[in-house]
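Residue numbers (my numbering), protein chains in the order written: chain A, 689 to 767; chain B, 84 to 306. Okay, structure first, notes after.
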């Protein structure tokens with residue numbers, strides 16, 4: 689089973705990298721950029737077919753290590 | 084006096100800390116490899132700076148899961164003084180001993196220069212004799228952040244150890260090198276026996292460094 693994990697900065701946390709990327713995109717002529725937020729994408733392969741168990745484990749992984757819940761949100765997707 | 088310095092793969096300030104402790108206390112600290120699982124009776128545990136695990140995932144995240152950290156957390160909860168410097172501060176946050184997060188500097192640049200800090204808390208074992216002091220910072224992720232509820236909690240409980248300031252002790256946006264909330268350079272845990280700080284006192288601890296202001300922190304714990 690392949691899981692995809694998206695980690696993003698919380699909405700109220702400033703993202704200076706995102707702002708710089710937005711400015712660079714504008715300078716390339718993309719004038720309709722409202723905002724850019726940068727995050728992380730992690731793939732985890734699990735040797736289980738039980739989606740319930742996998743979902744529980746993946747959430748635990750995010751809370752214990754993969755995300756810092758003070759500044760980041762996470763989203764888990766299972767194929 | 085027994086002290087211990089934890090060494091992770093990628094630590095690079097461990098020996099500087101050991102030299103500072105030896106010079107100041109006369110005692111040689113014991114170096115503890117991160118794969119060890121316990122620390123002997125200790126009067127001070129230092130988690131030094133560097134780039135543990137190449138800063139993978141988030142600075143300090145991997146090191147916080149190293150075997151030795153279980154005992155560091157246990158000893159800290161028992162009241163043993165624990166000092167985390169730079170990457171060590173990041174590791175203590177990731178291990179849950181200190182509140183908040185250390186984000187990328189607001190300038191997006193690695194900053195390596197002398198700064199000035201002043202103590203806010205003046206009663207902890209680390210800060211009881213502290214004054215405005217000059218020492219270097221050398222980091223890319225030192226931008227301290229906490230939620231507004233956590234900030235209120237650490238303010239009410241006198242947990243802000245150091246703030247970036249000017250030579251007169253003024254704290255404002257011009258004296259803030261990295262975007263840290265409230266110019267925070269270091270914080271304490273609730274019991275005040277754990278200190279995490281971004282500036283490097285061990286790099287301002289003898290005449291050859293050009294400044295000895297950093298000695299004060301070690302002296303107040305060691306002597």
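Even for Gly, the Cβ is constructed at its ideal location relative to N, Cα and C.
For the candidate residues the options, whose alpha-carbon lies nearest to that of residue i?
{"i": "residue 127/B", "options": "137/B, 286/B, 121/B and 112/B", "result": "112/B"}
{"i": "residue 758/A", "options": "703/A, 691/A, 713/A and 698/A", "result": "698/A"}
{"i": "residue 253/B", "options": "105/B, 289/B, 200/B and 90/B", "result": "200/B"}
{"i": "residue 701/A", "options": "292/B, 229/B and 306/B", "result": "229/B"}
{"i": "residue 195/B", "options": "222/B, 305/B, 130/B and 91/B", "result": "222/B"}
{"i": "residue 122/B", "options": "159/B, 101/B, 241/B and 261/B", "result": "159/B"}
{"i": "residue 106/B", "options": "294/B, 288/B, 237/B and 259/B", "result": "288/B"}
{"i": "residue 277/B", "options": "257/B, 178/B, 251/B and 233/B", "result": "178/B"}
{"i": "residue 307/B", "options": "695/A, 696/A, 694/A and 705/A", "result": "Absent from the structure is residue 307/B, since the part of chain B shown begins at 84 and ends at 306."}
{"i": "residue 749/A", "options": "764/A, 735/A, 725/A and 707/A", "result": "764/A"}
{"i": "residue 283/B", "options": "87/B, 305/B, 140/B and 294/B", "result": "294/B"}
{"i": "residue 110/B", "options": "87/B, 164/B, 211/B and 132/B", "result": "87/B"}
{"i": "residue 214/B", "options": "302/B, 103/B, 125/B and 104/B", "result": "302/B"}
{"i": "residue 93/B", "options": "84/B, 261/B, 170/B and 270/B", "result": "170/B"}
{"i": "residue 139/B", "options": "102/B, 97/B, 224/B and 182/B", "result": "224/B"}
{"i": "residue 747/A", "options": "762/A, 734/A and 735/A", "result": "762/A"}
{"i": "residue 707/A", "options": "723/A, 730/A and 736/A", "result": "723/A"}
{"i": "residue 211/B", "options": "183/B, 263/B, 256/B and 304/B", "result": "304/B"}
{"i": "residue 238/B", "options": "102/B, 273/B and 136/B", "result": "273/B"}
{"i": "residue 85/B", "options": "108/B, 181/B, 98/B and 125/B", "result": "125/B"}
Could you work out which residues of chain A lie near residue i, taking near to mean beta carbons separated by less than 8 Å?
{"i": "residue 228/B", "result": "701, 758 and 759"}
{"i": "residue 57/B", "result": "Here chain B covers residues 84 to 306 and nothing more, so residue 57/B does not appear."}
{"i": "residue 179/B", "result": "Within 8 Å Cβ-Cβ: nothing; residue 179/B doesn't reach chain A, min ~10 Å."}
{"i": "residue 183/B", "result": "758"}
So which residues of chain B does residue i contact, with C-beta pairs closer than 8 Å?
{"i": "residue 713/A", "result": "In chain order: nothing, as chain B lies at least about 16 Å away."}
Have a look at residue i and residue j and give me their C-alpha separation to the nearest angstrom.
{"i": "residue 231/B", "j": "residue 265/B", "result": "11 Å"}
{"i": "residue 299/B", "j": "residue 760/A", "result": "36 Å"}
{"i": "residue 156/B", "j": "residue 719/A", "result": "50 Å"}
{"i": "residue 752/A", "j": "residue 728/A", "result": "16 Å"}
{"i": "residue 219/B", "j": "residue 297/B", "result": "9 Å"}
{"i": "residue 259/B", "j": "residue 152/B", "result": "31 Å"}
{"i": "residue 205/B", "j": "residue 755/A", "result": "34 Å"}
{"i": "residue 148/B", "j": "residue 202/B", "result": "31 Å"}
{"i": "residue 89/B", "j": "residue 104/B", "result": "13 Å"}
{"i": "residue 100/B", "j": "residue 132/B", "result": "9 Å"}
{"i": "residue 726/A", "j": "residue 695/A", "result": "9 Å"}
{"i": "residue 693/A", "j": "residue 235/B", "result": "32 Å"}
{"i": "residue 163/B", "j": "residue 306/B", "result": "15 Å"}
{"i": "residue 731/A", "j": "residue 168/B", "result": "32 Å"}
{"i": "residue 192/B", "j": "residue 263/B", "result": "14 Å"}
If the cut is a Cβ gap below 9 Å, which residues of chain B does residue i touch?
{"i": "residue 764/A", "result": "Near residue 764/A there are no residues of chain B at all, since even the closest Cβ is about 16 Å away, more than 9 Å."}
{"i": "residue 708/A", "result": "191"}
{"i": "residue 705/A", "result": "187 and 191"}
Excluding five sequence neighbours on each side, which residues of the same chain lie with their C-beta closer than 7 Å to the C-beta of residue i?
{"i": "residue 721/A", "result": "710, 713 and 714"}
{"i": "residue 766/A", "result": "689, 691, 739, 742 and 743"}
{"i": "residue 268/B", "result": "200, 245, 246, 247, 280, 281 and 282"}
{"i": "residue 176/B", "result": "143, 183, 184, 185 and 279"}
Quick one: residues in its chain with C-beta nearer than 6 Å to the C-beta of residue i, no 5 flanking neighbours on either side, listed in chain order?
{"i": "residue 150/B", "result": "118 and 120"}
{"i": "residue 173/B", "result": "142, 143 and 185"}
{"i": "residue 207/B", "result": "271 and 275"}
{"i": "residue 154/B", "result": "121 and 122"}
{"i": "residue 241/B", "result": "204"}
{"i": "residue 257/B", "result": "none"}
Which whole-angstrom value is the C-beta distance of residue i and residue j, which I expect to be below 8 Å?
{"i": "residue 134/B", "j": "residue 95/B", "result": "7 Å"}
{"i": "residue 130/B", "j": "residue 165/B", "result": "7 Å"}
{"i": "residue 146/B", "j": "residue 91/B", "result": "5 Å"}
{"i": "residue 249/B", "j": "residue 217/B", "result": "Rounded, the Cβ-Cβ distance is 11 Å, inconsistent with contact."}
Name the chain B residues whose beta carbon is nearer than 7 Å to that of residue i?
{"i": "residue 746/A", "result": "Per Cβ cutoff of 7 Å: no residues; residue 746/A is ~15 Å from chain B at best."}
Check the Cβ of residue i against every Cβ in chain A and list those closer than 7 Å, keeping chain order.
{"i": "residue 141/B", "result": "756"}
Against residue i, what residues of chain A qualify as contacts under a CB-to-CB distance less than 9 Å, listed in chain order?
{"i": "residue 308/B", "result": "Given a span of 84 to 306 for chain B in the structure shown, any question on residue 308/B remains unanswerable."}
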